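Student: So the sequence lines, in the order shown, correspond to chains A and B. First residue of the first sequence? That's -13 in this note's numbering, and the numbers climb one at a time after it. First residue of the second sequence? That's -13 in this note's numbering, and the numbers climb one at a time after it. Heads up, the beta-carbon is just placed ideally off N, CA and C, and yes, glycines get one too. All values reported here derive from a predicted model rather than from experimental measurement.
2 protein chains.
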Amino acid sequence: MTLRLGTMQDWPLNVMRLVDHAEREHGQNEVVSAWADGSTTRTNWGTIVAKARQTAQALEAAGVKPGDRVATLAMNHDRHLTSWYGAIGMGGVIHTINPRLFPEQLAYIGNHAEDKILFYDAMMAPLVEALKQHWTTIEKYIVYDPPEGWEGDQSFEDWIGGHDGDYQWVDADERDPVGLCYTSGTTGNPKGVIYEHRSMVIHALAGIQPDCFNLSERSVALPIVPMFHANAWGMPFAAPMTGCKMVLSADYSAPRMVKLFREEKVTHSAGVPTIWVDMIAHIEKTGEDLGPLQNVTIGGSAAPRAMIKWFRARDIQVGHAWGMTELSPLGTIGGKPAEWDAMSDEEQVDYTARQGRVPFGIEMRIIGDDGQELPRDGKSSGNLEVRGAWVVDRYFKADAPATDKDGWFDTGDVACLHPDGSMQITDRSKDVIKSGGEWISSIELENAAIGIDGVHEAACIGIFHPKWDERPLLVCVREDGSQVSADDIIAGLKGQVAKWWIPDAVEFVDELPHTATGKLSKKTLREQFSDYSFDGVESMTGRD
Amino acid sequence: MTLRLGTMQDWPLNVMRLVDHAEREHGQNEVVSAWADGSTTRTNWGTIVAKARQTAQALEAAGVKPGDRVATLAMNHDRHLTSWYGAIGMGGVIHTINPRLFPEQLAYIGNHAEDKILFYDAMMAPLVEALKQHWTTIEKYIVYDPPEGWEGDQSFEDWIGGHDGDYQWVDADERDPVGLCYTSGTTGNPKGVIYEHRSMVIHALAGIQPDCFNLSERSVALPIVPMFHANAWGMPFAAPMTGCKMVLSADYSAPRMVKLFREEKVTHSAGVPTIWVDMIAHIEKTGEDLGPLQNVTIGGSAAPRAMIKWFRARDIQVGHAWGMTELSPLGTIGGKPAEWDAMSDEEQVDYTARQGRVPFGIEMRIIGDDGQELPRDGKSSGNLEVRGAWVVDRYFKADAPATDKDGWFDTGDVACLHPDGSMQITDRSKDVIKSGGEWISSIELENAAIGIDGVHEAACIGIFHPKWDERPLLVCVREDGSQVSADDIIAGLKGQVAKWWIPDAVEFVDELPHTATGKLSKKTLREQFSDYSFDGVESMTGRD
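(1) Beta carbons nearer than 8 Å to chain A: which residues of the stretch 372 to 387 of chain B have them?
(2) Assuming HIS66/B is part of the alpha helix (DSSP H), what are its boundary residues?
(3) Would GLY78/B pass as an interface residue toward chain A - the criterion being a Cβ-Cβ separation below 7 Å?
(4) What's the call for THR397/B, buried or exposed, on a 16-neighbour Cβ count within 10 Å?
(5) Hey, how far is the Cα of THR510/B from the Cα of PHE494/B?
(6) What is the DSSP secondary structure of TRP21/A, reduced to helix, strand or coil?
(7) Three or more C-beta pairs closer than 8 Å, one from the stretch 453 to 463 of chain B and one from the stretch 480 to 497 of chain B: is that the case here?
(8) By Cβ distance, which residues of its chain are closer than 7 Å to ASP139/B, with the 5 residues on each side in sequence left out?
(9) State the Cα-Cα distance for the pair SER170/B and VAL252/A, rounded to the nearest angstrom.
(10) Using alpha carbons as the reference points, say which of ILE294/B, ALA48/B, VAL50/B and PRO85/B lies closest to THR58/B.
(11) Note down the Cα distance separating PHE199/A from HIS254/A, rounded to an integer number of angstroms.
(12) Determine the closest residue to ASP107/B out of ILE83/B, LYS245/B, ALA60/B and ARG10/B, with distance taken between C-alpha atoms.
(13) In this structure, does DSSP put PHE223/A in helix, strand or coil?
(14) List, in chain order, every chain B residue whose beta-carbon is nearer than 7 Å to that of ASN200/A.
(15) With C-beta atoms as the reference, is PRO222/B less than 7 Å away from LEU67/B?
(16) For a test of the three-state rule: what should DSSP assign to GLN341/A, helix, strand or coil?
(17) So what's ILE258/B in DSSP terms, helix, strand or just coil?
(18) Determine, using beta carbons only, whether GLY422/B and TRP376/B come nearer to each other than 7 Å.
(19) What residues of chain A sit near ALA192/B, judged by a beta carbon separation below 7 Å?
(20) Count the other CB atoms, across all protein chains shown, that sit within 10 Å of the CB of ASP327/B; report buried if there are 16 or more and exposed otherwise.
(21) Per DSSP, what are the beta-bridge partners of HIS404/B in this structure?
(22) Determine, using beta carbons only, whether THR123/A and GLU100/A come nearer to each other than 7 Å.
(23) Just verifying my parser: in three-state terms, what is the DSSP assignment at VAL372/A?
(24) For GLN(-5)/B, decide whether its Cβ has a neighbour in chain A, counting only Cβ atoms nearer than 7 Å.
(25) Would you kindly work out how many angstroms separate the C-alpha atoms of GLY165/B and ASP157/B, rounded to a whole number?
(26) Do you know offhand how far GLU90/A's Cα is from MET109/A's?
(27) What whole-angstrom Cβ distance do VAL179/B and GLU312/B have, given they're in contact under 8 Å?
(28) Measuring straight from C-alpha to C-alpha, what distance separates GLU115/A and HIS306/A?
(29) Measuring straight from C-alpha to C-alpha, what distance separates THR228/A and ILE447/A?
(30) So that I know if they touch, is there some Cβ in chain B lying closer than 7 Å to that of ASP323/A?
(31) Using 8 Å as the threshold, is the stretch 191 to 198 of chain A in touch with the stretch 392 to 407 of chain A, meaning 3 or more CB pairs across them?
(32) How many Å lie between ALA224/B and GLY147/A at the Cα?
(33) Who are the Cβ neighbours of PRO533/B in its own chain at under 7 Å, not counting the five residues just before and after it?
(34) Which residues in chain A have a C-beta closer than 9 Å to the C-beta of TYR181/B? List them in chain order.
(35) What did DSSP end up calling VAL304/B once you bin it into helix, strand or coil?
(36) Kindly list, in the order they appear in chain A, the residues whose Cβ is closer than 8 Å to that of HIS12/B.
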């Protein structure tokens, strides 16, 4: 059905309209780059967009065509941002490569994406040089920040400097691609997610609202998330939409971050828990001032309650966000609920410790083992599925959709939904321990174990059990000098988790396996313990 | 060009997804109705959406088809809102009729819209009864709130009560129509503006952002703007998007409003200046508390500086909004600029006294008499043109577009744009006084005159002048008991406006003509003074 009685205007949701808006309405507002060498440079939205036009001309002159992939291997800075807008403006697809992946993955990704050109930071030069022989489609290499005496690839400023900037953006369809980001799964080759003009603009509109990032023109946003990590959580599109000042940093060390917070008067920041662990330790040691920081978003993995309380004690609004590359990446974010003021301090912390709730644009449900939707009762846990305006439908070059026939995308997370709409991740679906027809959350056990004195890191996996199918094994790394025992840990877990969740055994290792991006690799751990058996281990649980 | 390398999901921007979101994620949050008889009733988003499904069934049973117009003649309350969602959900187009129009206009509008059904408030019954004989297409009349002993048309609750609510919304295209609102121009017949699913959803997404209405789930929104007045400025779509509590009132009297602010803990409100004039007078008299009110948006016409200062003194964020029916209605809104904290108190008031700036989604420019775009220098004044995602392209049933070939819509306002992006209305284009090739702002002269002791109301029009083409005549209404003279007024204007703007004459009248919607009717005033001549009037200006 299409009825056109009278109409509103055709006004495509095009990323470049957002970029033009920043230039036209907020051109003088600053974009600050903090470089790895300790220096800081300043530009503004107007200059960035003007240089993006030069970049678009340079890309066209280099033979890049609409739809071609333009790769970057770089940290956060204004030239990286400029090249994004320039590439998208000439119809290109900006492909942000994650330098933390293994070299074989990097080679695979560049070739699978059929990248035509690569922009990179000088600090990545050794990696780039090693990979050049493996990348088969890249025709041109441009370096963002050649140091004095550089004799390698052409510099970005020189390369775009020859163009006059008299350029009109390509007239793209709102469903045309603008970005490409690969997810590094723990199995198989990385998969590419294609972002579109429309999805990116709606994602940014949703992202700036008070219950999400809460960005206004007066904000000063410093994402402590790499631009290659799901577009720095969308900040490079959300910030110009509001015209706020943005601070980009290539250096995530705590002293540098705190200095930037103070000197650049940062109000809004976002990052993974490890960033904040370092930051808090630094401030606790030095007593430094955080400046006017008022809004911190924590994502990537769960923030400990102590971290949440630390920010609360300083009157800094703290919230979880949960998302993934396939979600552009925002899935849920921790805007306060309507009943916030009536909640006790502990209830507020409980709420904040969950992963937040969906903004308009995302639908979410949990599905049990029988394929039925589970209630939002704060107790039932099931596979977390989403669909929405900025959720993947089909991976890059995939033959089949990434969703079921009703458009639901299985996130691979296990979660419960609370009556107030907030979502709580309880596990990854491949990590959940299935014991006697019930699910045990490995994440909850690990979080409880890490809270016990002497435990540095913990991982919980399911081990075959003849009666219960699986029972939990807890694998721990002791803190330096600690003598904590298996009995101590079991005693510490009691009362924190259900009795039948208590692991059947605790083993100690010197270190746990991690993926290239720093996540705990349960897959490797399961391989290491593939021959493990509870035979001969004195069971410590009440279930057996 | 359409490239589909991989894709994001198809997720239409459909108003009913927004309604579903409110039901699913914020179902328990309240919607309060304050009725004209002084009573208050409470429901919530979940119940409203459930009843909207019953409404959709009742409309279908009554023979209403997708694309048909469903009219309302009502103030703000939850049943009115329910019928909106129900009508849109079954594919209908909700046509909000403004009861303040003249009866001939109301008859014209109903027939031009070809309304199939009319929902109305019992208080409108005399108007409805008088118009029934003139409306040729309305087949059914439903009354929202029949009083005890009512013997007229069927009541809304009875009518929907026979349906079970087991209903799936019509699968609409995002460009399908959802709403129709007529603008009452001062010349010719009213013109209808058709709103679409997509335009309404994007308008709501833009409207909730911190620099616009700043709505979150914790907000309590009370629009003091009728739902027939450009959709209560979009609140009935913005509020459910955030799930905030909404308060709807059929009674705009100051004592009632202040009571609602306090009792319902209203945080966000919006209305025209006259609403706030009454409210401020009431509070100054009674000393009543405003409750937790924190955000006031003023639109429709300019807020006096004293009003802005009154809110500022109470730490209530106050901002102008400017818009029109053709803009859904938001054009500009007064979010604080980046440099706010560095501005002096007077500079902040100056900024707030302007009409605000565009959110992403609206483009704006000013055009001089020669058709050329004028600079954003805070001095040049020209015809204000807009285009964007929620701007009219073609009026209902119109043969030609409402825009020029590049999509620009001429607002009929004259404005200047400041370097910080803020817009300042200086006049209506048909009211501007063209004197010696330069423009004199009638609005600025009127605002200056109203600030002079003894002047109750003032209107300025251009009168033919043999040398200068036009010169200003100021027509004033004295305050009760005031003896203010023409000389006093001229003396008061000196120093406030450019010397050559000083009116050539001041005349006094007992009252000024107004339109049905309460706006000053310059057209009628010009007719009243069509034979006026400056001959024999001693000129008071420096130009002659």
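Tutor: From the atom records:
(1) ARG373, GLY374, ALA375, TRP376, VAL377, VAL378, ASP379, ARG380, TYR381, PHE382, LYS383 and ALA384
(2) 64 to 75
(3) no
(4) buried
(5) 16 Å
(6) coil
(7) yes
(8) TYR127, ILE128 and VAL129
(9) 47 Å
(10) PRO85/B
(11) 8 Å
(12) ALA60/B
(13) helix
(14) PRO196
(15) yes
(16) coil
(17) The question names Ile, but residue 258/B is Val in the sequence shown. Coil.
(18) no
(19) LEU191
(20) exposed
(21) The partner list for HIS404/B (beta bridge, DSSP) is empty, contrary to what the question assumes.
(22) yes
(23) strand
(24) yes
(25) 17 Å
(26) 19 Å
(27) 5 Å
(28) 39 Å
(29) 45 Å
(30) The sequence given here places Pro at residue 323/A; Asp does not occur at that position. Answer yes: the Cβ-Cβ gap between PRO323/A and chain B drops below 7 Å somewhere.
(31) no
(32) 45 Å
(33) As shown, chain B starts at -13 and ends at 530. That puts residue 533/B outside it, with no answer to give.
(34) MET(-6)
(35) strand
(36) ALA324 and GLY407
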